[in-house]
Structures are given as structure tokens and as C-alpha cells.
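**Student:**
There are 2 protein chains.
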Amino acid sequence: MACCAPLAVRPMDAEQAAGIAPMFKALGDPVRLRLMSMIASVPEMCVCDLTPAFDLSGPTISHHLKVLREAGLVDSERRGTWVWYRVRPEAFRRLGALLDLPATTAPADA
Amino acid sequence: MACCAPLAVRPMDAEQAAGIAPMFKALGDPVRLRLMSMIASVPEMCVCDLTPAFDLSGPTISHHLKVLREAGLVDSERRGTWVWYRVRPEAFRRLGALLDLPATTAPADA
DNA sequence: AGCCTGTTTTGACGTCTGTCAAGCTAGAGA
DNA sequence: TCTCTAGCTTGACAGACGTCAAAACAGGCT
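Shown next as C-alpha cells:
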């Protein structure tokens, strides 16, 4: 089934789609996408370093982080005064498997 | 930059995020995600074959297809009576590059 | 021309979402 | 215990979203 299609994507039933769509949805907001990329670029990141990167209130950032957390994309842990966020790699792998393509060879073009 | 992070993701500026988020957003609805996977599983697909797979009105399916089209994820072409939809592989490549992971080697687990 | 089928557009409606201000909770330190 | 800082929760509000019915548009057929 993956031999002829332009992409190695298999049709999805309603249940599968309902399970995975929330992850895409969570990444579908520019602020959350940036948050995600910031967190994913390092082993872990403190909220105190994320918030000042945006022209948004603390509560708003907190809200977006909650959405990412509930989508299963990140984990958070309080250590003393600060809260640290970390990517859940298995979530990324799930998404990547969906877009199952020769990504490693394709140039990260525009 | 990709050597140490758990994921080969680079932090994104606001502009980049604003350009890419709409693609994720488009895939963030279960109906559209299924539509996308159906279209991507074959070279091209007729609306007349997509619509009956859902418990939704024709206009609603048409609306979702339009969202996918405007996000740059699919192309449509009218041929005679029917309209055919096809995936735009470069869009998928863009998303895949973001989730830049060893997708080809990683098992398509749960 | 007129009609029939397939698809998109328009208009309307209820729900969901992103945002902020205000208030609350958790931990550190005096 | 009191206070200060970091972060989260709540409540409210404007705007966006998913859906459908009705109407419009496009092609084929008679």
C-alpha cells in the first residue's frame, strides 16, 4: 500500500483520526508552535525563559503550555521555584510516522 | 545543532511559525485529517468518493477540503463532472522536515 | 434549451479558542 | 510566619470554527 502512493500514508479511520488530530491541533497555533520548537531545541526549558520571548501575558503562555501538555506533546516538572518543560519524543515519533516520508534525505527547504 | 537535542528541532521565529502553523491547524481537525489520509493513500481521489465516508453534509466536506487547499496541503482539479483532489508532496516535506527525525528508520509504533 | 447530478458558495447558528485582568497556589528565604 | 517571586486558574469577552440548509455554479445528457 505504500509502494505506489506519492506518500506512504494509509487511510485512517475516525477513531485514529480523533486520537491524533489533537496533536496537530495543538501545533496549529503559531505561539504554541514556537513554544514547542523552543522546548524541543534543548533538553529542557524553564517557563521563565519561554515567557519573555513573546509579547503575551504570563497566563496566556501558561494556557498554551497546558494545551501542549494535554495533547501529550510535552511534560512539565516543578523543581524548586521554577517549572521546566520537556518534549515527549514518542509524541513526535507518532506524528513523524504519519508524515512517513524520506524526510532525512529531503532538504529542509522553504 | 541537531547533535544534542532530543529532537532535531531548531527554535523558530514568529514569522516562520506563522507560516507553518496553518498547515498543522488544517490537520488538527479529525475530519480533515481523515480526508488528508484518504487523499494521500492514492494518487488522487474524487470528492464523490470522499463525501460518503463521513456522516456529514456535502457542503461541510467541501468546506474542509477548501481549508486543506488553502493551507497548501492539497490541489484540486475539475475533470468533467467530478473534482479530483491530490496531495502536494512538498507541503508534507515541509512538515516532515520540522519533525525532522529518523522517520524512515523509526518503527511506526503506536 | 432544459434538466439532472456533482460541487461550491452563502448565510446563519451555537460552540470553541486566544487573550487579558484578577485572584490563587507553591516554594524560597528572612 | 511573613513576604516575595514564579506560575497556574478563573472569569469574561471578542473573534474564529464546524455545521447545515438553501441557493448558486459547472458539466453532461436528452
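Line order of the protein sequences matches chains A and B. For what it's worth, this note's numbering labels the leading residue of the first sequence as 1, then goes sequentially. For what it's worth, this note's numbering labels the leading residue of the second sequence as 111, then goes sequentially. For glycine and all other residues, C-beta sits at the position ideal for the given N, C-alpha and C. Since we're looking at a predicted model, the values are computed, not measured.
In chain order, what residues of the same chain lie with their CB nearer than 8 Å to the CB of residue 183/B, ignoring the 5 residues before and after it?
**Tutor:** Along the second sequence, one-based indexing puts residue 183/B at 73. Closer than 8 Å at the Cβ level, and outside the excluded window around residue 183/B, lie 133, 136, 137, 146, 197, 198, 201, 202.
**Student:** Three or more C-beta pairs closer than 8 Å, one from the stretch 140–157 of chain B and one from the stretch 13–21 of chain A: is that the case here?
**Tutor:** Contact between the stretch 140–157 of chain B and the stretch 13–21 of chain A is present, because at least three Cβ pairs lie under 8 Å.
**Student:** Quick one: residues in its chain with C-beta nearer than 7 Å to the C-beta of residue 161/B, no 5 flanking neighbours on either side, listed in chain order?
**Tutor:** Here residue 161/B refers to the residue found at position 51 of the second sequence. Within the same chain, residue 161/B has close Cβ partners 168, 171.
**Student:** What are the uninterrupted segments assigned as beta strand (DSSP E) that are 3 or more residues long and contained completely in the stretch 115–195 of chain B, given in chain order?
**Tutor:** Here the runs fully enclosed are 184–189.
**Student:** Quick one: give me the first and last residue of the alpha helix (DSSP H) that residue 88/A is part of.
**Tutor:** Here residue 88/A refers to the residue found at position 88 when the first sequence is read from its first residue. Residue 88/A -> no alpha helix (DSSP H), and no H or E assigned at all.
**Student:** Quick one: measure Cβ to Cβ for residue 121/B and residue 76/A, integer angstroms, because I've assumed they're closer than 8 Å.
**Tutor:** Translated into positions along the second sequence, residue 121/B becomes position 11. Translated into positions along the first sequence, residue 76/A becomes position 76. Actually they do not touch by this definition, with Cβ atoms about 18 Å apart.
**Student:** Determine, for residue 69/A, whether the minimum Cβ-Cβ distance to residues of chain B falls below 8 Å.
**Tutor:** Position 69 of the first sequence holds residue 69/A. Not one chain B Cβ lies under 8 Å of residue 69/A.
**Student:** Looking at the C-beta of residue 61/A, does it have a partner C-beta in chain B at a distance below 8 Å?
**Tutor:** Within the first sequence, the letter at position 61 stands for residue 61/A. Closer than 8 Å: no.
**Student:** Looking only at its own chain, which residues have a Cβ that is under 7 Å from the Cβ of residue 205/B, when we skip the five neighbours before and after it?
**Tutor:** Position 95 of the second sequence, counted from the first residue, corresponds to residue 205/B. Closer than 7 Å at the Cβ level, and outside the excluded window around residue 205/B, lie 133.
**Student:** Of the residues 209/B, 188/B, 207/B, which one's Cα is nearest the Cα of residue 156/B?
**Tutor:** For the purposes of this step, residue 156/B is taken as the residue at position 46 of the second sequence. Measuring from the Cα of residue 156/B, the nearest candidate turns out to be 188/B.
**Student:** Quick one: list the residues of chain A neighbouring residue 138/B, beta-carbon separation under 7 Å, in chain order.
**Tutor:** Counting from 1 along the second sequence, the entry for residue 138/B is found at position 28. Within chain A, the residues near residue 138/B are 21, 24, 25, 28.
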